[in-house]
Amino acid sequence: MRGVVVTAPPGTGKTTLVPPLVAQILTAPDGDRRVIVTQPRRVAARAAARRLATLLDEPLGATIGYAVRGERRTGPRTRVEIVTAGAAHSEDETGRELHQ
């Protein structure tokens, strides 16, 4: 598993601009990789996913999805998944590869 940590001041696009760009670069024609973005709270994860889906003019759960405790809105085409740290940790322990 490989990861990248992006740090920058608030309002610079860490959540809304960087993930779709990275997903576009990583998902070559054969690509099935996902970009996982962590948020500290469930409401923040849902809101960020909704905002990204709106910016891309796509339904939530298509290219952009989210996973929080007890709730998941993703699909086979999801390339950017916004998760809470707890959901990411839980998925990691179940053996699911977060960064394929």
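Numbering (my numbering), first residue to last: 309 to 408.
Each residue gets a CB set at the ideal place from its N, CA and C atoms; glycine is no exception.
Predicted model, so just to flag it, every value in this text is computed and none were measured.
query, result
"Residues sharing a beta bridge with H319, DSSP", "According to the sequence as given, residue 319 is Gly; it is not His. G319 pairs with nothing; no bridge assigned."
"Bounding residues of the alpha helix (DSSP H) (the contiguous stretch that carries A355)", "350 to 363"
"Buried versus exposed, by CB contacts within 10 Å (16 or more), T382", "buried"
"Length of the line joining the Cα atoms of T392 and I333", "24 Å"
"Within 8 Å, strictly: CB atoms of V330 and V313", "no"
"Exposure label - P348; buried when at least 16 CB within 10 Å", "exposed"
"Close beta carbons around A395, own chain, < 7 Å, minus the five adjacent residues each side", "A375, V376, R377"
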